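Number of protein chains: 2
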Amino acid sequence: MARHETAAPEPSLRERKRARTRRALIEAAAELFERQGYEETTVAEIAAAAEIGTRTFFGYFASKEDILFPDSDARARATIAAIADRDPAEGPVDVLLRALDAIAESDADMVSPMAGVRMRLFHTVPAVRGKALQVQLAAQREIARELQVAFPDELDRVTAAALAGGLTGAVSGALDALIGEDGIDGADADNVRTRVRQATEAALRPWRQAAGQ
Amino acid sequence: MARHETAAPEPSLRERKRARTRRALIEAAAELFERQGYEETTVAEIAAAAEIGTRTFFGYFASKEDILFPDSDARARATIAAIADRDPAEGPVDVLLRALDAIAESDADMVSPMAGVRMRLFHTVPAVRGKALQVQLAAQREIARELQVAFPDELDRVTAAALAGGLTGAVSGALDALIGEDGIDGADADNVRTRVRQATEAALRPWRQAAGQ
DNA sequence: TGCGAGTTTGCTGTCAATGCATTAACCTCT
DNA sequence: AGAGGTTAATGCATTGACAGCAAACTCGCA
Numbered sequence: 001m002a003r004h005e006t007a008a009p010e011p012s013l014r015e016r017k018r019a020r021t022r023r024a025l026i027e028a029a030a031e032l033f034e035r036q037g038y039e040e041t042t043v044a045e046i047a048a049a050a051e052i053g054t055r056t057f058f059g060y061f062a063s064k065e066d067i068l069f070p071d072s073d074a075r076a077r078a079t080i081a082a083i084a085d086r087d088p089a090e091g092p093v094d095v096l097l098r099a100l101d102a103i104a105e106s107d108a109d110m111v112s113p114m115a116g117v118r119m120r121l122f123h124t125v126p127a128v129r130g131k132a133l134q135v136q137l138a139a140q141r142e143i144a145r146e147l148q149v150a151f152p153d154e155l156d157r158v159t160a161a162a163l164a165g166g167l168t169g170a171v172s173g174a175l176d177a178l179i180g181e182d183g184i185d186g187a188d189a190d191n192v193r194t195r196v197r198q199a200t201e202a203a204l205r206p207w208r209q210a211a212g213q
Numbered sequence: 001m002a003r004h005e006t007a008a009p010e011p012s013l014r015e016r017k018r019a020r021t022r023r024a025l026i027e028a029a030a031e032l033f034e035r036q037g038y039e040e041t042t043v044a045e046i047a048a049a050a051e052i053g054t055r056t057f058f059g060y061f062a063s064k065e066d067i068l069f070p071d072s073d074a075r076a077r078a079t080i081a082a083i084a085d086r087d088p089a090e091g092p093v094d095v096l097l098r099a100l101d102a103i104a105e106s107d108a109d110m111v112s113p114m115a116g117v118r119m120r121l122f123h124t125v126p127a128v129r130g131k132a133l134q135v136q137l138a139a140q141r142e143i144a145r146e147l148q149v150a151f152p153d154e155l156d157r158v159t160a161a162a163l164a165g166g167l168t169g170a171v172s173g174a175l176d177a178l179i180g181e182d183g184i185d186g187a188d189a190d191n192v193r194t195r196v197r198q199a200t201e202a203a204l205r206p207w208r209q210a211a212g213q
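For the protein sequence lines, the chains are A and B, in the order given. Just so you know, we're using our numbering here: the first sequence kicks off at 1 and counts up by one. Just so you know, we're using our numbering here: the second sequence kicks off at 1 and counts up by one.
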C-alpha cells in the first residue's frame with residue numbers, strides 16, 4: 001500500500017470539471033457501446049451524450065479506442081509495486097506470481113464501468129482486440145524492465161523479457177480460454193482466479209529452476 | 001517442405017493474373033512503406049504503384065494493415081502440421097517446442113519482402129503493432145486448440161491455452177527485447193530469421209532443460 | 001459466338017482524426 | 001477586484017480508410 005507523495009490536496013475547479021467530463025464520457029461511451037455495439041457508435045454520439053463538442057472528445061482521449069482503457073496503467077503500476085517490495089529470498093517467478101495476485105486484487109477494487117463492456121467487445125471487435133493487446137504489451141515491457149532491475153544478476157534483458165512475456169501470455173491465454181464466447185458467468189470470479197493461477201503456474205514451471213540457477 | 005495435395009495443375013489465366021497483381025501490390029507496399037513509412041503511405045499510392053484502381057485494393061486485402069501479413073496462415077498451418085505428426089512418445093511440451101521451432105523456420109512467412117519491413121514497423125506504428133498482436137493471438141489460439149486435441153487426457157482447455165500463451169508470449173517477448181536493442185539491419189530475410197531463432201532459443205531454453213533436452 | 005460468373009473501377013457517403021483559428025473559462029499576481 | 005496569461009472548448013475544413021452501388025469488362029465454357 002504505497003502512498004504517493006504527490007501534492008494533490010485540493011484539485012482546482014478546472015481539474016474537477018475536467019475529471020467530471022472525463023467520467024461522463026466514459027460512462028456515456030460504456031452505455032452506448034453496450035447498447036449499440038462499438039462500431040455502431042460514433043464519437044460524435046459519445047460526445048453528444050456527454051454534452052461536449054465532437055472535437056473536444058479528442059482532447060480527452062487520443063482515439064476512440066482509448067476510451068476503452070481509461071485506466072490502462074493501473075495494472076502496470078500494481079505490478080511494479082509488487083515487484084518493488086519483494087522479499088529478498090524470492091526468485092523472479094515467485095515475485096511475478098505474487099504480482100499476479102496483486103493485480104487481481106487491485107482489479108477487484110476499482111471496477112470501471114468500462115471493464116465489462118471491454119471484455120465483451122474484445123471477442124467481437126478487432127479494433128478493440130488490437131488495442132487491448134497493445135496495452136498488454138506495454139505492461140509486459142514495463143514488467144520486463146522492472147524485473148531486470150530487480151534481478152540484475154539472474155536475468156539479462158532478453159531473458160527478463162521472455163519471462164515477462166511468458167507470464168502475460170500464460171495469463172491472457174488462460175483467461176481467453178476461460179472467457180470463451182460468452183464472458184464470465186458472474187459468480188465464478190473466484191473460480192476464475194484460481195484456475196488462472198493454476199494454469200499460469202503450470203505454464204511457468206520450468207522458469208523456476210532455470211532462473212534460479 | 002511439405003507438398004500440398006491440392007489439385008492445382010494449371011491455374012487459369014484469371015487466377016494467374018490475380019496472383020500477379022497480388023504480388024505486385026505486396027511488393028509495391030513493402031517498398032513504399034520502407035521508403036516513406038507506413039502512415040505516410042496511402043492506399044491510393046500503393047494501388048497506383050501496382051497499377052490498379054484504389055477501390056480494387058480492397059478486393060485483395062480487407063484493410064491497409066492486412067497487406068502487412070500476406071500469408072499469416074502459413075504459420076498456423078506449419079504449426080498444426082508440426083503438432084499433427086508427433087511422435088507418440090512426446091509430451092505436450094516437446095510437441096510445443098517443436099512447433100515453435102517450425103514457426104521460426106517456416107519459410108513462407110519469413111521470406112516475404114514484407115517480413116523485414118513489418119518488423120521495423122512494429123516498433124514505431126501502433127496500427128501495425130495491433131495487427132501483429134492479433135495475428136499472434138490467432139495463431140496462439142490455434143496452437144492451444146490443436147494441443148488440446150492432441151493431448152485430451154493430459155491437458156484441459158485452460159492449461160493448454162496457458163501453455164500455448166506462455167510459450168508464444170515468451171518467444172515474442174524475447175524477440176521484442178532483441179529487436180528493441182538494435183533494430184533490424186537490412187530488409188534481408190536471413191536477418192529476420194536469425195532474430196527469430198535467437199529469440200526462440202533464449203525464450204525456450206528453460207523449457208528445453210526441463211524437458212530433458 | 002454469346003451467356004454468365006467473377007473483376008475492376010469510379011462515385012458517393014460515413015466516420016475517425018488532425019490542423020487551425022477563435023472564443024470562453026479559469027487562475028494568478030498585484 | 002481586475003488585468004494578463006494559460007488552458008480548454010469548439011467549429012470548420014481536410015485527409016484518408018473503407019463500404020455500398022452500379023456500370024463496364026474480362027475470362028471460362030457451352
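We put the CB at the ideal spot given by N, CA and C, even for glycine. All values derive from a computational prediction rather than experimental measurement.
Own chain partners of residue i with C-beta closer than 7 Å, once the 5 adjacent residues on each side are dropped
i: residue 2 of chain B; result: Model confidence at residue 2 of chain B stands at a pLDDT of 46, short of 50, so the residue's coordinates are unreliable; what they give is reported in the following sentence. Excluding positions up to five away in sequence, the list reads 81.
i: residue 6 of chain A; result: With a pLDDT of 43 at residue 6 of chain A, under the threshold of 50, the predicted position of this residue should be treated as unreliable, though the coordinate-derived value follows. Counting only Cβ-Cβ distances below 7 Å, and skipping sequence neighbours, we find nothing.
i: residue 178 of chain B; result: 195, 198, 199
i: residue 202 of chain B; result: 174
i: residue 147 of chain A; result: 83, 92, 155, 160, 163, 164
i: residue 144 of chain A; result: 160, 161, 164
i: residue 104 of chain A; result: 193
Per-residue burial, residue i [other beta carbons within 10 Å of its own, 16 or more giving buried]
i: residue 173 of chain A; result: buried
i: residue 152 of chain A; result: exposed
i: residue 180 of chain A; result: exposed
i: residue 16 of chain A; result: exposed
i: residue 44 of chain B; result: exposed
i: residue 51 of chain A; result: exposed
i: residue 209 of chain A; result: exposed
i: residue 73 of chain A; result: exposed
i: residue 84 of chain A; result: exposed
i: residue 116 of chain B; result: buried
i: residue 106 of chain B; result: buried
i: residue 53 of chain B; result: exposed
i: residue 41 of chain A; result: buried
i: residue 56 of chain A; result: exposed
i: residue 4 of chain A; result: With a pLDDT of 44 at residue 4 of chain A, under the threshold of 50, the modelled position of this residue cannot be trusted; read the value that follows with caution. Label assigned to residue 4 of chain A: exposed.
i: residue 13 of chain A; result: exposed
i: residue 8 of chain A; result: Note that residue 8 of chain A scores a pLDDT of 44, beneath 50, so its modelled location is shaky; the value from the coordinates is reported in the next line. Exposed is the call here.
i: residue 176 of chain B; result: buried
i: residue 88 of chain A; result: exposed
i: residue 78 of chain A; result: buried
i: residue 139 of chain A; result: buried
Per-residue DSSP class, three states only, for residue i
i: residue 43 of chain B; result: helix
i: residue 67 of chain A; result: helix
i: residue 90 of chain A; result: coil
i: residue 62 of chain A; result: coil
i: residue 50 of chain B; result: coil
i: residue 172 of chain B; result: helix
i: residue 139 of chain B; result: helix
i: residue 151 of chain A; result: coil
i: residue 106 of chain B; result: coil
i: residue 72 of chain A; result: helix
i: residue 166 of chain B; result: helix
i: residue 10 of chain B; result: coil
i: residue 126 of chain B; result: helix
i: residue 111 of chain B; result: helix
i: residue 116 of chain A; result: helix
i: residue 84 of chain B; result: helix
i: residue 180 of chain B; result: helix
i: residue 156 of chain B; result: coil
i: residue 208 of chain B; result: helix
i: residue 203 of chain A; result: helix
Neighbourhood of residue i by C-beta distance below 8 Å, restricted to the same chain and skipping five residues each side
i: residue 19 of chain B; result: 11
i: residue 171 of chain A; result: 100, 196, 200
i: residue 207 of chain A; result: 92, 93, 163, 166
i: residue 128 of chain B; result: 38, 65, 68, 118, 121, 122
Of the listed residues the options, nearest to residue i (C-alpha basis)
i: residue 28 of chain B; options: B:112, B:153, B:179, B:151; result: B:112
i: residue 36 of chain B; options: B:158, B:125, B:175; result: B:125
i: residue 22 of chain B; options: B:115, B:59, B:139, B:150; result: B:59
i: residue 102 of chain B; options: B:33, B:168, B:211, B:24; result: B:168
i: residue 131 of chain B; options: B:70, B:31, B:158, B:86; result: B:70
Spatial neighbours of residue i in its chain, beta-carbon cut-off 6 Å, leaving aside the 5 residues before and after
i: residue 142 of chain B; result: 76
i: residue 67 of chain A; result: 29, 61
i: residue 150 of chain A; result: 83
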